[in-house]
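**Student:** With positions in the sequence shown counted from 1, the corresponding number in my numbering is that position plus 421.
Okay, handing you the structure first.
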Amino acid sequence: MSKRPAPRAIIFDFDGVIADSEIGSANAFSAALCEAGLHTSVEEATNLYVGLIRAEVLQLMADHWGERLPLDMAERVQRHVDRIFAEPIAPVRGVKTFLDTVAHLPIAIGSSSYTDYIRRHLASFALEERFGAHVYSGREHVTRGKPHPDIYLHAAAQLGVHPTEAAIIEDSPIGARAAVASGARVIGLTAGSHVRPELADALAAEGVETVLASYGEVAIHLGVSARRLHG
Numbered sequence: 422m423s424k425r426p427a428p429r430a431i432i433f434d435f436d437g438v439i440a441d442s443e444i445g446s447a448n449a450f451s452a453a454l455c456e457a458g459l460h461t462s463v464e465e466a467t468n469l470y471v472g473l474i475r476a477e478v479l480q481l482m483a484d485h486w487g488e489r490l491p492l493d494m495a496e497r498v499q500r501h502v503d504r505i506f507a508e509p510i511a512p513v514r515g516v517k518t519f520l521d522t523v524a525h526l527p528i529a530i531g532s533s534s535y536t537d538y539i540r541r542h543l544a545s546f547a548l549e550e551r552f553g554a555h556v557y558s559g560r561e562h563v564t565r566g567k568p569h570p571d572i573y574l575h576a577a578a579q580l581g582v583h584p585t586e587a588a589i590i591e592d593s594p595i596g597a598r599a600a601v602a603s604g605a606r607v608i609g610l611t612a613g614s615h616v617r618p619e620l621a622d623a624l625a626a627e628g629v630e631t632v633l634a635s636y637g638e639v640a641i642h643l644g645v646s647a648r649r650l651h652g
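Here it is in structure tokens:
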């Protein structure tokens, strides 16, 4: 358990923290590039693109591949995203019980995804009411997305806490960079199915307080209830 006081609020990234969806995004980016003859493994796509908004992903692809990148790359990516996410997404293991554990704290989501996407999946997890109005998108609520801290500063302000009083849970290095820059406590979470062996080191390199592999460990570290987390 950390010797620091328990946080007054918790802010969650969404993909890879609440929804076990990051592996789907990485697969879509990899498939779209490979289809165009630009071989990119799922692991490489995870390293390069997970945590970014789509426009930034496409810009990075253009910067790397130049004229070899097809003009219709945005459409190719969207086609693979639609194909992959036509299947139901599962919640990250332990998140439901963790939310029960911290029900006394104000919570929010600060994500690079659109709010309608987030709310649709929260509803499928029966979690939408947990967050109420506090679902915030880097594409809709702030001018600058991650790795800038704006979405997390906005979420903290909406919860009525100073960023230093909040804990943020992130799973991607880009998101962790944004969270650390906000001044909040940042927990790197490696509980999603997209997690690769080097992710913990990449999160640590961004300056997170600690990297933990389960919500049970998060609960213990933050000093909240030690109930077993299976949901």
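We treat Cβ as the ideally placed atom computed from N, Cα and C, and that holds for glycine.
Please identify the residue among R560, L643, L543 and S558 whose C-alpha is closest to the C-alpha of F552.
**Tutor:** As a first step, residue 552 is located in the sequence shown; it is residue number 131 there, counting from the start. Nearest to F552 by alpha-carbon distance, out of R560, L643, L543 and S558, is L543.
**Student:** Which first and last residues belong to the beta strand (DSSP E) in which T631 is found?
**Tutor:** On the sequence shown, position 210 is the one that residue 631 refers to. Run containing T631: T631 to L633, per the beta strand (DSSP E) assignment.
**Student:** With DSSP run on the structure shown, which of helix, strand or coil describes E591?
**Tutor:** To locate residue 591, count along the sequence shown from 1; it is residue 170. For E591, the three-state secondary structure derived from DSSP is strand.
**Student:** Give a yes or no on whether the minimum CB-CB distance between E456 and chain D is below 8 Å.
**Tutor:** As a matter of chain content, chain D is missing from the structure shown, which is built from one protein chain.
**Student:** Is there at least one non-hydrogen atom of the ligand SAM closer than 7 Å to the beta-carbon of S593?
**Tutor:** Summarising the ligand content, the structure contains no ligands, and the ligand SAM is consequently not present.
**Student:** How many Å lie between L650 and R497 at the Cα?
**Tutor:** Here residue 650 refers to the residue found at position 229 of the sequence shown. Here residue 497 refers to the residue found at position 76 of the sequence shown. Because the pLDDT at L650 is just 44, under 50, the model does not fix this residue reliably, and the value given afterwards should be weighed accordingly. C-alpha separation (whole angstroms): 39 Å.
**Student:** Rounded to whole angstroms, what is the Cα-Cα separation between Y636 and S442?
**Tutor:** Residue 636 sits at position 215 when you count from the first residue of the sequence shown. Residue 442 sits at position 21 when you count from the first residue of the sequence shown. Roughly 17 Å between the two C-alpha positions.
**Student:** For S593, which of A427, D571, D436 and P426 has the nearest alpha-carbon?
**Tutor:** Numbered from 1 along the sequence shown, position 172 holds the residue referred to as residue 593. Among A427, D571, D436 and P426, the Cα nearest to that of S593 is on D436.
**Student:** How should I534 be labelled, buried or exposed, when 16 other C-beta atoms within 10 angstroms of its C-beta is the threshold for buried?
**Tutor:** On the sequence shown, position 113 is the one that residue 534 refers to. The residue asked about is misnamed: residue 534 is Ser in this sequence, not Ile. Buried, since its Cβ has 16 or more Cβ neighbours within 10 Å.
**Student:** Excluding five sequence neighbours on each side, which residues of the same chain lie with their C-beta closer than 8 Å to the C-beta of I589?
**Tutor:** The residue labelled residue 589 in the question sits at position 168 within the sequence shown. Within the same chain, I589 has close Cβ partners I431, I432, F433, D434, G531, Y573, A600, S603, A605, R606, V607 and I608.
**Student:** Could you give the C-beta distance for V502 and A612, rounded to a whole number, given that I count them as a contact under 8 Å?
**Tutor:** Position 81 of the sequence shown, counted from the start, is the residue given in the question as residue 502. Position 191 of the sequence shown, counted from the start, is the residue given in the question as residue 612. About 23 Å; that fails the 8 Å criterion.
**Student:** Which of helix, strand or coil does DSSP assign to D441?
**Tutor:** In the sequence shown, residue 441 corresponds to position 20, counting from 1. D441 falls in the coil class under three-state DSSP.
**Student:** In three-state terms, what does DSSP make of L610?
**Tutor:** Stepping through the sequence shown from its first residue, residue 610 is reached at position 189. Three-state DSSP puts L610 in a strand.
**Student:** Taking only three categories from DSSP, how would you classify G644?
**Tutor:** Residue numbering aside, residue 644 sits at position 223 when the sequence shown is read from its first letter. Coil, per DSSP.
**Student:** Leaving out the 5 sequence neighbours to the left and right, which residues in its chain are closer than 7 Å to A647 when beta-carbon positions are compared?
**Tutor:** Mapped onto the sequence shown, residue 647 falls at position 226. Caution is warranted here: a pLDDT of 47 is assigned to A647, below 50, making its placement in the model unreliable, and no coordinate value can be reported.
**Student:** Going by the CB atoms, is the gap between E627 and A597 shorter than 8 Å?
**Tutor:** Translated into the one-based positions of the sequence shown, residue 597 becomes position 176. Translated into the one-based positions of the sequence shown, residue 627 becomes position 206. Yes.
**Student:** Quick one: is A529 buried, meaning 16 or more other Cβ sit within 10 Å of its Cβ, or exposed?
**Tutor:** Here residue 529 corresponds to residue number 108 of the sequence shown, with the count starting at 1. Buried: at least 16 other Cβ atoms inside 10 Å.
**Student:** For K567, does the count of other Cβ atoms within 10 angstroms reach 16, so buried, or fall short, so exposed?
**Tutor:** For this step, residue 567 is matched to residue 146 along the sequence shown. Answer is buried; the Cβ neighbour count reaches 16.
**Student:** Which residue wins for smallest C-alpha separation from V516, given the options A440, A452 and T461?
**Tutor:** Residue numbering aside, residue 516 sits at position 95 when the sequence shown is read from its first letter. Closest by alpha carbon: A440.
**Student:** Within 10 angstroms of the Cβ of V645, are there 16 or more other Cβ atoms? Answer buried if so, exposed if not.
**Tutor:** Reading the sequence shown from its first residue, position 224 is the one you call residue 645. Counting Cβ neighbours within 10 Å, V645 comes out buried, since at least 16 surround it.
**Student:** Under the rule that 16 or more other beta-carbon atoms within 10 Å means buried, what is E488, buried or exposed?
**Tutor:** For the purposes of this step, residue 488 is taken as the residue at position 67 of the sequence shown. E488 comes out exposed.
**Student:** For N654, collect the residues of the same chain with a Cβ closer than 8 Å to its Cβ; drop the 5 residues on either side in sequence, then sort them by chain order.
**Tutor:** This structure cannot speak to residue 654, because the chain is shown only from 422 to 652.
**Student:** Taking all protein chains shown into account, do 16 or more other C-beta atoms lie within 10 angstroms of the C-beta of P426, making it buried, or fewer, making it exposed?
**Tutor:** Position 5 of the sequence shown, counted from the first residue, corresponds to residue 426. With fewer than 16 other Cβ atoms inside 10 Å of its own Cβ, P426 counts as exposed.
**Student:** Roughly how many whole angstroms lie between the Cα atoms of L643 and P428?
**Tutor:** Here the question's residue 643 lines up with position 222 in the sequence shown. Here the question's residue 428 lines up with position 7 in the sequence shown. About 7 Å.
**Student:** With Y557 as the anchor, note down where its beta strand (DSSP E) starts and where it stops.
**Tutor:** In the sequence shown, counting from the first residue as 1, residue 557 sits at position 136. Its beta strand (DSSP E) spans residues V556 to S558.
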